[in-house]
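In terms of the numbering used here, the sequence shown opens at residue 1 and continues consecutively. C-beta atoms are modelled at their ideal positions from N, C-alpha and C, and glycine is treated no differently.
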Amino acid sequence: MIRQLIAASLLMCIAATVQANTESETSANYNELGDLLTVQQAQGRFAWLEKCYDGLLVEVWERAFDTTDIISKEQKLAQLRALWLSPERLAQGHAQYLTFANSDFTNPYNWHAGANVADACSTMPPEYVPVALKTTILKNSYCDNVAFDSEWEWIDKVTLDDFSHDSARHSYTAVSGKVITLSAGREASMTITPGNKEPQYPSYVAARVWVDWDQDGQFSDSEMVYKSASDGVFKFAISVPTEQPEGVTLMRVATDSGGGSDNACNRIHYGEVEDYLVTIR
Numbered sequence: 001m002i003r004q005l006i007a008a009s010l011l012m013c014i015a016a017t018v019q020a021n022t023e024s025e026t027s028a029n030y031n032e033l034g035d036l037l038t039v040q041q042a043q044g045r046f047a048w049l050e051k052c053y054d055g056l057l058v059e060v061w062e063r064a065f066d067t068t069d070i071i072s073k074e075q076k077l078a079q080l081r082a083l084w085l086s087p088e089r090l091a092q093g094h095a096q097y098l099t100f101a102n103s104d105f106t107n108p109y110n111w112h113a114g115a116n117v118a119d120a121c122s123t124m125p126p127e128y129v130p131v132a133l134k135t136t137i138l139k140n141s142y143c144d145n146v147a148f149d150s151e152w153e154w155i156d157k158v159t160l161d162d163f164s165h166d167s168a169r170h171s172y173t174a175v176s177g178k179v180i181t182l183s184a185g186r187e188a189s190m191t192i193t194p195g196n197k198e199p200q201y202p203s204y205v206a207a208r209v210w211v212d213w214d215q216d217g218q219f220s221d222s223e224m225v226y227k228s229a230s231d232g233v234f235k236f237a238i239s240v241p242t243e244q245p246e247g248v249t250l251m252r253v254a255t256d257s258g259g260g261s262d263n264a265c266n267r268i269h270y271g272e273v274e275d276y277l278v279t280i281r
């Protein structure tokens with residue numbers, strides 16, 4: 001109970017540092033903060049912050065525990081580690097970790113804290129603050145993919161049944177604010193709306209969708225569930241397998257006016273890659 005109260009207090013303290021313009025803006029931008037870490041990466045995030053930004057962790061501790069007791073820096077870090085990376089959490093396959101962004105929940109510099117103690121220390125933008133204490137839900141890490149150029153083409157909107165996500169122009173987006181639930185053995189309706197710098201002259205782009213159905217951390221050839229090319233909106237159905245392991249997995253959506261690749265890990269040329277969290281019920 002004490003740990004739950006401390007965690008709730010910490011979340012309130014972090015939230016108090018954020019001055020978002022509107023509730024809808026907060027929701028939209030928070031969904032795009034990314035940082036989809038595994039348990040191992042969450043442990044690496046804490047070790048990296050301890051190495052590079054231990055003073056920030058001390059500040060978070062002081063806000064969370066709100067005490068006048070004088071204890072050492074090492075004790076403060078140990079208490080945070082025990083709270084976020086407790087044996088109970090790790091035994092359940094979960095861990096908690098801080099993520100950072102601008103005070104309006106955006107990440108204009110595309111900066112992320114390290115996820116491994118071996119990562120080099122990098123300079124956090126001065127206006128960035130801790131904006132969320134996230135809990136890991138992915139079992140595996142996935143290959144990176146990002147467009148070389150997204151100035152002229154990107155993904156403007158994705159819908160999947162009753163889920164909808166609008167996004168601005170990015171080379172890569174990890175949509176981490178909601179887990180999409182799909183029904184096993186049924187078809188899901190999906191649309192992909194490409195964005196264009198000059199919408200009156202829409203580009204001819206290739207669109208692909210992969211879902212890691214077996215949750216092994218890889219997008220196999222059989223897990224590419226859609227492929228087409230058009231200068232308009234893509235509308236199609238995804239067949240959801242009947243038998244699926246429990247848990248959360250990743251769906252990757254990519255558009256590329258350069259043709260793209262059937263390999264979900266090959267970088268695209270002109271467009272965007274977006275990753276979504278999915279579970280099957």
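Check                                                                                                                      : Outcome
As assigned by DSSP and simplified to three states, the class of A73                                                       : A small correction: the amino acid at residue 73 is Lys; Ala does not occupy that position in the sequence shown. Helix, per DSSP.
Between the CA atoms of W61 and S261 - distance to the nearest angstrom                                                    : 46 Å
Cα-Cα separation between Y226 and K76, rounded to whole angstroms                                                          : 49 Å
Separation of D69 from Y276, as counted between CA atoms                                                                   : 43 Å
Opposing strand residues paired with E274 [DSSP bridges]                                                                   : T173 and V253
Nonlocal neighbours in the same chain, by C-beta distance under 7 Å from R81, ignoring five residues either side           : F46
Buried versus exposed call for P126 [16 or more other C-beta atoms within 10 Å across all chains shown]                    : exposed
Inter-residue spacing [alpha-carbon to alpha-carbon] between H94 and T135                                                  : 7 Å
Residue closest to A253, alpha-carbon to alpha-carbon, out of L133, G114, V175 and L56                                     : It is Val, not Ala, that sits at residue 253 in the sequence shown. Taking only the C-alpha atoms, the option nearest V253 is V175.
Stretch pair the region 144-154 + the region 188-208: three plus CB contacts closer than 8 Å                               : yes
Which of helix, strand or coil DSSP assigns to V233                                                                        : coil
Rounded straight-line distance, which links the Cα of F65 to that of R89                                                   : 20 Å
Cross-strand partners of F219 (DSSP beta bridge)                                                                           : For F219, which the question treats as bridged, DSSP gives no partner whatsoever.
Chain-order list of residues whose beta-carbon lies under 8 Å from that of D119 (same chain, five-residue window excluded) : G44 and W48
Reference Q244; option with closest CA among K235, Q215, C265 and R267                                                     : Q215
Strand pairing of M190, partner residues [DSSP]                                                                            : L160 and F236
Reference A207, options F100, M224 and E198, closest by Cα                                                                 : M224
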